[in-house]
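To start, the structure under review is shown below, and the notes come after it.
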Amino acid sequence: MELLYQQGTHPARWCLRLRESLSASVNEVDLETTCQVMLRPKKPIDLLSRHHSRIIKFPNTLNKEDTRKAISIAFTKWSDVSPLTFIEVTDDNATADITIGFYTFNHTDCWWSPLHPCFDGLNGELAHAFLPPRGEIHFDNHEFWILGKSRFSWKQGVWLNDLVQVAAHEIGHALGLWHSRDPEALMHPNATYTGQRNIAQDDVWGIQRLYGCRNKKRVCDPWARLGFCERRKTFMRKNCPQRCDLCYEPLDVVATPTSPPANVKIKMVPRGKVVGFRCGTKSPRSPPKVSWYKDGEQILTSIPGYIVMKDRDLRIVANEFNEGIYTCRIHRQGDIVSANSWAIRLKPDRPSNS
Numbered sequence: 010m011e012l013l014y015q016q017g018t019h020p021a022r023w024c025l026r027l028r029e030s031l032s033a034s035v036n037e038v039d040l041e042t043t044c045q046v047m048l049r050p051k052k053p054i055d056l057l058s059r060h061h062s063r064i065i066k067f068p069n070t071l072n073k074e075d076t077r078k079a080i081s082i083a084f085t086k087w088s089d090v091s092p093l094t095f096i097e098v099t100d101d102n103a104t105a106d107i108t109i110g111f112y113t114f115n116h117t118d119c120w121w122s123p124l125h126p127c128f129d130g131l132n133g134e135l136a137h138a139f140l141p142p143r144g145e146i147h148f149d150n151h152e153f154w155i156l157g158k159s160r161f162s163w164k165q166g167v168w169l170n171d172l173v174q175v176a177a178h179e180i181g182h183a184l185g186l187w188h189s190r191d192p193e194a195l196m197h198p199n200a201t202y203t204g205q206r207n208i209a210q211d212d213v214w215g216i217q218r219l220y221g222c223r224n225k226k227r228v229c230d231p232w233a234r235l236g237f238c239e240r241r242k243t244f245m246r247k248n249c250p251q252r253c254d255l256c257y258e259p260l261d262v263v264a265t266p267t268s269p270p271a272n273v274k275i276k277m278v279p280r281g282k283v284v285g286f287r288c289g290t291k292s293p294r295s296p297p298k299v300s301w302y303k304d305g306e307q308i309l310t311s312i313p314g315y316i317v318m319k320d321r322d323l324r325i326v327a328n329e330f331n332e333g334i335y336t337c338r339i340h341r342q343g344d345i346v347s348a349n350s351w352a353i354r355l356k357p358d359r360p361s362n363s
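Its first residue numbered 10, the sequence shown is counted upward by one per residue in this note's numbering.
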């Protein structure tokens with residue numbers, strides 16, 4: 010099944026708008042990278058205020074009305090804290106920037122794409138999403154989806170999964186957000202297991218960094234200029250909680266970057282090539298505990314279409330965003346027994362003959 014959602018302008022027009030809004034000091038490579046992955050634009054993006062969605066088919070375990078309601082609630086969580094608005098359309102020919110589908114094991118291109126994992130059946134991976142401009146969200150149709158909080162059904166002997174919570178998390182990815190390190194955030198990788206259903210301040214900072222602030226009454230900026238951020242903190246936190254800049258800056262990241270080993274293997278690869286790494290050279294009797302890092306920060310989970318991590322293996326697609334130093338560490342009984350690092354650099358594009 011598929012659900013289609015139209016969010017904002019088409020990716021190509023979105024890139025054009027971004028080019029116009031960024032400062033002239035940003036070079037062309039930075040612009041191309043930002044258009045591909047929507048990563049931390051220098052200024053908020055000027056998007057249209059009204060966006061459209063369409064539901065085509067529905068999951069096996071939830072009726073049409075409840076599915077529509079769950080997806081609508083999930084989108085509303087993000088529209089409430091950003092300039093984005095999502096409206097359902099019924100035209101069969103309508104196009105969408107975000108597509109949502111409920112699939113079984115082998116779906117879309119997962120069978121042949123090395124960066125798109127297939128689903129693993131009941132009680133495994135619930136869903137995954139692709140970052141813009143692809144913007145796809147896939148749910149495992151083997152799972153039991155409900156409108157309500159996740160719980161275990163003793164009668165059926167299965168977990169009933171909260172479609173609102175999972176959809177809201179995956180929509181965050183489809184809009185351009187990666188995982189958060191804040192355990193209270195909806196975009197934390199364990200949010201589904203902890204039952205986190207609401208947008209946290211870290212989620213607000215992330216989405217507003219991409220799309221700009223929401224200030225319906227248009228009073229937060231004047232209040233901030235009057236010094237209310239310092240003199241009336243409680244008042245501002247209550248009335249302007251989504252303010253992006255002067256009042257509430259993001260907290261410092263607690264995690265300390267991990268230094269790579271001294272011996273770093275340099276790989277020059279062409280843009281678009283899929284690159285694979287394996288941590289360690291020996292085949293251990295039992296699976297080791299492996300941790301992966303990019304530029305010193307731990308990679309928590311896979312991001313379909315960009316990075317796929319499984320045990321000792323890591324695969325990435327070579328582009329400007331994924332350039333950097335990748336490090337793996339093998340742990341046994343709390344000690345690091347092995348470490349490897351690779352530096353991924355893009356080969357210069359060959360000049361065209363034309």
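For each residue, glycine too, the CB sits at the ideal point set by N, CA and C.
Reference residue i, options the options, closest by Cα
i: GLY285; options: THR310, ASP230, GLY157 and ARG324; result: ARG324
i: GLY110; options: GLN342, ALA103 and GLY144; result: GLY144
i: SER365; options: GLN210, VAL283 and ARG321; result: The shown model of the chain, from 10 to 363, leaves out residue 365, and the question about it has no answer.
i: MET277; options: LEU355, LEU71, TRP351 and GLN174; result: LEU355
i: ASP149; options: GLY221, THR113 and GLU306; result: THR113
i: ASP230; options: ILE107, MET245 and SER91; result: MET245
i: TRP351; options: ILE345, GLY343 and ARG338; result: ARG338
i: THR201; options: TYR220, ASN132 and VAL213; result: ASN132
i: TYR220; options: ILE80, GLY236, VAL90 and GLY157; result: VAL90
i: GLY157; options: ARG234, SER88 and LYS78; result: LYS78
i: ARG218; options: VAL346, ASN69, LEU93 and PHE330; result: LEU93
i: PHE84; options: ARG206, TRP214 and LYS274; result: ARG206
i: PRO279; options: TRP232, ASN331, GLU306 and CYS238; result: ASN331
i: ILE275; options: SER88, TRP163, ASN349 and GLU134; result: ASN349
i: LEU434; options: SER162, GLU193, GLY166 and ASP212; result: There is simply no residue 434 to check, as the chain begins at 10 and stops at 363 in what is shown.
i: SER88; options: ASP75, CYS222, PHE237 and GLY166; result: CYS222
i: SER300; options: GLU329, VAL346, ASN272 and ASP75; result: VAL346
i: PRO319; options: ILE107, GLU134, LYS164 and GLY166; result: Per the sequence shown, residue 319 should be read as Lys rather than Pro. Among ILE107, GLU134, LYS164 and GLY166, the Cα nearest to that of LYS319 belongs to GLU134.
i: TRP214; options: LEU71, ARG234 and CYS249; result: CYS249
i: ILE107; options: ILE82, PHE95 and GLY166; result: PHE95
Beta-carbon proximity of residue i to residue j, cut-off 8 Å
i: ILE353; j: TYR335; result: yes
i: GLY289; j: ALA327; result: no
i: PRO198; j: HIS182; result: no
i: TYR302; j: LEU140; result: no
i: GLY333; j: ASP358; result: no
i: ILE216; j: LEU184; result: yes
i: GLY130; j: SER159; result: no
i: ALA136; j: VAL175; result: yes
i: PRO126; j: VAL317; result: yes
i: ASP391; j: ALA177; result: In the structure as shown, the chain starts at 10 and stops at 363, and residue 391 therefore has no counterpart that could be examined.
Cβ distance (whole Å) where residue i is taken to contact residue j below 8 Å
i: PRO297; j: ARG341; result: 7 Å
i: ILE146; j: GLU97; result: About 16 Å; that fails the 8 Å criterion.
Distance cut-off 7 Å: residue i Cβ against heavy atoms of the ligand PLP
i: ARG359; result: No copy of the ligand PLP occurs in the structure displayed, which carries no ligand at all.
- Query: Between the region 165-185 and the region 138-157, do three or more beta carbon pairs fall short of 8 Å?
  - Reply: Yes: the two stretches touch, three or more of their Cβ pairs being nearer than 8 Å.
- Task: Could you pull out every unbroken beta strand (DSSP E) segment of at least 3 residues lying fully inside the region 143-178, listed in chain order?
- Result: Runs of the beta strand (DSSP E) inside the region 143-178: 145-149, 153-155, 160-162 and 167-171.
- Message: Give the list of continuous alpha helix (DSSP H) stretches no shorter than 4 residues that lie fully inside the region 296-336.
- Response: Runs found: none.
- Any chance you could list the alpha helix (DSSP H) runs of at least 4 consecutive residues sitting entirely within the region 191-240, in chain order? 200-203, 210-220, 229-234 and 237-240
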